[in-house]
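In what follows, a structure is listed as structure tokens, so that the remarks can point back to it.
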Amino acid sequence: MKIQPLNEAVGVEIQDLDLSRDLSAVDTSTIQDAFLEYHLICFRSPPLSHFEFDRVARQFGDPQEQLLRKQRDDDVSTVSILNSTYKTPESKPDDMNFMRLTGWHTDDSYMMKPAKATMLQSLEIPNSGGQTGFSNSRKAYDDLPDDVKARCDGLQAVHSYDTKRAPATASSLSKVETNETPDVIHPLIRTNDDSGKKAIYVNMNRTDQIVGMERAESDELLDYLVERMTRPEYRYHHEWSVGDLLLWDNRCLVHSVNMDFPVGQTRLHQRILLKGPTPV
Ligand SMILES: [Fe+2]
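Using the numbering used here, read the sequence shown as starting at 6 and increasing by one per residue.
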């Protein structure tokens with residue numbers, strides 16, 4: 006197994022590892038160390054069946070069932086099928102900034118115990134566009150001015166399934182799903198329970214308001230933190246090849262999709278979320 010950095014900001018690529026076999030204890034521990042240090046791991050692999058994908062995921066954590074029932078695979082309920090294909094010209098907007106997946110987000114932050122990691126494997130990709138961008142909110146926190154760190158210390162924010170601050174409206178929910186997603190409150194600065202390192206924990210699609218702050222002041226601070234945590238020097242943009250399997254840490258990365266790809270070309274992934282703790 007070989008490990009190579011993807012870029013200076015985020016991530017490593019792991020080569021020469023056969024995901025169809027159970028990992029050795031040494032491999033698992035090496036991958037865990039790389040995960041905590043670089044936050045994103047890219048495995049090059051052929052596309053896996055839903056069963057194989059779930060089996061691989063269980064070597065890294067505890068898969069959870071995701072909220073949206075319509076995306077769940079019929080056979081393996083921990084696997085979600087994410088199809089972002091534009092089926093008609095009308096379904097592709099002119100301005101990509103108003104697409105939900107374009108907003109820089111961390112998966113699952115509207116839950117009391119958000120998934121600590123996401124595993125995403127590409128099954129079909131368009132000829133151009135469709136990259137997934139990642140930005141390192143741990144490095145961004147480290148580089149904040151001391152007075153901003155002091156101001157953020159101890160602050161909490163409300164995360165909602167949807168918020169007016171999001172660039173676009175969220176998918177509609179069934180009654181059962183709505184009942185499962187009351188607003189939750191998380192720290193504005195999150196400490197990684199495995200590494201002890203702090204990161205900005207703001208989600209453009211879900212973070213609604215800082216607790217105890219007027220809307221205008223809260224918006225100003227959230228906008229500032231989003232700008233800081235998504236600066237180009239913290240980013241890596243993944244050009245997908247079919248079968249690429251990414252594993253990333255939702256506690257210290259945000260991600261965003263380049264939704265500008267051709268109409269009619271399939272963009273299809275399978276995803277598993279790994280259970281995480283209540284953020285502190
Ligand atoms: Fe996501």
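Glycine included, every Cβ here is placed at the ideal spot set by N, Cα and C.
Close Cβ partners of residue i (< 7 Å) along its chain, the five nearest in sequence each way excluded
i	result
residue 51	248
residue 146	194, 203, 204, 205
residue 58	84, 126, 275, 277
residue 244	136
residue 225	none
residue 220	214
Contact belief for residue i with residue j at Cβ below 8 Å, rounded distance in angstroms
i	j	result
residue 194	residue 205	6 Å
residue 263	residue 110	In fact, because the Cβ distance is near 14 Å, the residues do not count as touching under 8 Å.
residue 140	residue 235	5 Å
residue 178	residue 168	Wrong, their Cβ atoms sit about 14 Å apart, outside the cutoff.
residue 14	residue 238	6 Å
residue 242	residue 135	Not a contact, Cβ separation roughly 11 Å.
residue 176	residue 73	6 Å
residue 104	residue 172	7 Å
residue 271	residue 35	Actually they do not touch by this definition, with Cβ atoms about 34 Å apart.
residue 223	residue 214	5 Å
residue 45	residue 253	4 Å
residue 68	residue 198	In fact, because the Cβ distance is near 19 Å, the residues do not count as touching under 8 Å.
residue 233	residue 149	6 Å
Contacting residues, own chain, Cβ-Cβ under 6 Å from residue i (five flanking each side not counted)
i	result
residue 18	9, 11, 47
residue 112	120, 123, 255
residue 196	203, 285
residue 94	268
residue 144	239
residue 273	88, 128, 129
residue 16	43, 45, 241
Nearest-angstrom Cα separation, counted from residue j out to residue i
i	j	result
residue 129	residue 153	43 Å
residue 164	residue 258	17 Å
residue 53	residue 38	24 Å
residue 280	residue 161	22 Å
residue 132	residue 43	28 Å
residue 157	residue 218	12 Å
residue 75	residue 182	11 Å
residue 97	residue 88	14 Å
residue 192	residue 159	7 Å
residue 33	residue 22	11 Å
residue 25	residue 60	9 Å
residue 80	residue 231	38 Å
residue 188	residue 260	22 Å
residue 114	residue 30	31 Å
residue 155	residue 210	25 Å
residue 92	residue 99	15 Å
residue 184	residue 250	32 Å
Chain-order list of residues whose beta-carbon lies under 8 Å from that of residue i (same chain, five-residue window excluded)
i	result
residue 101	107, 263, 264, 265
residue 66	121, 122, 279, 280
residue 174	105, 167
residue 27	64
residue 6	19, 20, 21, 22, 32, 35
residue 78	55, 84, 85, 86, 275
residue 82	70
residue 216	160, 161, 162, 163, 190
residue 246	49, 127, 130
Test: residue i CB closer than 8 Å to a CB of chain D
i	result
residue 156	No chain D is present in this structure, which holds just one protein chain.
Where in the region 130 to 173 do unbroken runs of the beta strand (DSSP E), each at least 3 residues long, occur, reported from the N-terminal end onward? 137 to 141, 161 to 164
Contiguous beta strand (DSSP E) assignments of at least 3 residues, all confined to the region 171 to 217: 189 to 192, 194 to 196, 203 to 205, 212 to 215
Under 6 Å, CB to nearest heavy atom of ligand 1: contacting residues: 110, 112, 260
In the region 31 to 61, which residue ranges form an unbroken beta strand (DSSP E) of at least 3 residues, counting only runs that do not cross its ends? 45 to 48
Can you list the beta strand (DSSP E) stretches of 3 or more residues lying completely in the region 52 to 114, in chain order? 85 to 88
At what residue ranges does the region 211 to 259 contain a whole run of the alpha helix (DSSP H), taking only runs of 4 or more? 220 to 234
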